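For the sequence shown, the positions run -20 to -1, 1 to 243 when mature numbering (1 follows the signal peptide of the UniProt record, and there is no 0) is used.
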Amino acid sequence: MRSLYLFHLLTLLSIGFANACKNDEDCSLNGICSRWKKACRCDPGWIGSDCGRLDLAPATRYTGYNHTYEPPSPGDFGIWPNASWGGRIIQDRDNKRLFHLFTVQFSHGCGLKGWRPHSYIIRAESHSGPQGPYKYAHDVSKNFAHNPDIVWSQADKKYLLYSIGNDKQQWPRVGSHLFSRKLTGPWHFKLQEAFSSNVTFTDGSWQVFKRRERPKLFFSDDGEMTPLYLTNGVQEMNQTGAAFTLVQPVGTRWKRFEKDLGF
């Protein structure tokens, strides 16, 4: 019995040493390493022994940009005219209650399975908060363009749009999560998930998606870079073409953000 007790004690000690941090990099730069406790104190929006996982709050069904099951047009080849995939949320610079979503749809009703060469970028709008629901506003590009991201350039006084294009160059299709103190590095990579394909909803239900990709975070604008919302392209089980854009809150700071805007 005493040997069993010592075994459990040694096991707990080994786990404690394994999770002990030495610097802020051990906390994924999403928290502070307490030198006294040798443990990470995570910033808001992050959890885990190394602060490497998003503290996701329940999502609300039928928000985001979810029009994948609308009926196709007579000239469509497929049956998913409004399938979408991921996107970047942008708060309007003049009207703080207006939110834009830059995402992709697929021409001719081809859906996600026809993403190449049918993907093109659109802009959608939400007047009911950053979670949406978003409604189509207009096309931004022709196909082929995929996985858009957009940032404000203070130097140019314009938004800069980046996307995958078609330059006939084959690049590796990989994805990863890295962090660094400086743009020039060194960069650090941890082999673990920041989120899973299991989504909990505000109605108490949950759903495991077949695919959950193209993550983008919407951060607070107070200088703290607190993650408030995560956007993904998601696809349900047993689907090939139907897909939509999911918006899920992170942590608790998003509640104050929406309250301050009057939502």
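Quick reminder that beta carbons are idealized off the backbone N, C-alpha and C, glycines included. Note that the structure is predicted; figures quoted are calculated from it, not measured.
What three-state label does DSSP hand residue i in the structure shown?
i: residue 105; result: strand
i: residue 53; result: coil
i: residue 154; result: Note on residue 154: pLDDT 40, under 50, position unreliable in the model; the coordinate value appears next. In this structure, residue 154 counts as coil in the three-state DSSP scheme.
i: residue 173; result: coil
i: residue 128; result: strand
i: residue 203; result: coil
i: residue 7; result: helix
i: residue 47; result: coil
i: residue 231; result: coil
i: residue 241; result: coil
i: residue 97; result: helix
i: residue 236; result: helix
i: residue -2; result: helix
i: residue 225; result: strand
i: residue 23; result: coil
i: residue 211; result: strand
i: residue 143; result: strand
i: residue 13; result: strand
i: residue 186; result: strand
Can you have a look at residue i and say buried or exposed, based on whether 16 or more other CB atoms are within 10 angstroms of its CB?
i: residue 65; result: buried
i: residue 183; result: exposed
i: residue 45; result: buried
i: residue 63; result: buried
i: residue 114; result: buried
i: residue 227; result: buried
i: residue 42; result: exposed
i: residue 158; result: exposed
i: residue 192; result: buried
i: residue -17; result: Interpretation of residue -17 is limited by its pLDDT of 45, a score under 50 that renders its predicted location unreliable; the figure taken from the coordinates is listed afterwards. With fewer than 16 Cβ atoms within 10 Å of its Cβ, residue -17 is classed as exposed.
i: residue 186; result: exposed
i: residue 111; result: buried
i: residue 94; result: buried
i: residue 128; result: buried
i: residue 47; result: buried
i: residue 234; result: buried
i: residue 55; result: exposed
Contact check, residue i vs residue j under 8 Å by CB: the rounded distance?
i: residue 75; j: residue 100; result: So it is not a contact: roughly 26 Å between Cβ atoms.
i: residue 180; j: residue 38; result: 5 Å
i: residue 214; j: residue 223; result: 7 Å
i: residue 32; j: residue 170; result: 6 Å
i: residue 210; j: residue 195; result: 6 Å
i: residue 68; j: residue 130; result: 5 Å
i: residue 109; j: residue 52; result: Not quite, the Cβ-Cβ distance comes to about 30 Å (not below 8 Å), so this is no contact.
i: residue 231; j: residue 77; result: No, residue 231 and residue 77 are not in contact; Cβ-Cβ is about 22 Å, not under 8 Å.
i: residue 103; j: residue 117; result: 5 Å
i: residue 30; j: residue 20; result: 6 Å
i: residue 199; j: residue 205; result: 5 Å
> Using 8 Å as the threshold, is the region 2 to 19 in touch with the region 76 to 85, meaning 3 or more CB pairs across them?
Replying inline: Touching, no.
>> I'd like the ranges of any beta strand (DSSP E) spanning at least 3 consecutive residues and lying wholly in the region 50 to 91.
In response: Scanning the region 50 to 91 for uninterrupted beta strand (DSSP E) segments of 3 residues or longer gives 68 to 71, 79 to 86, listed from N- to C-terminal end.
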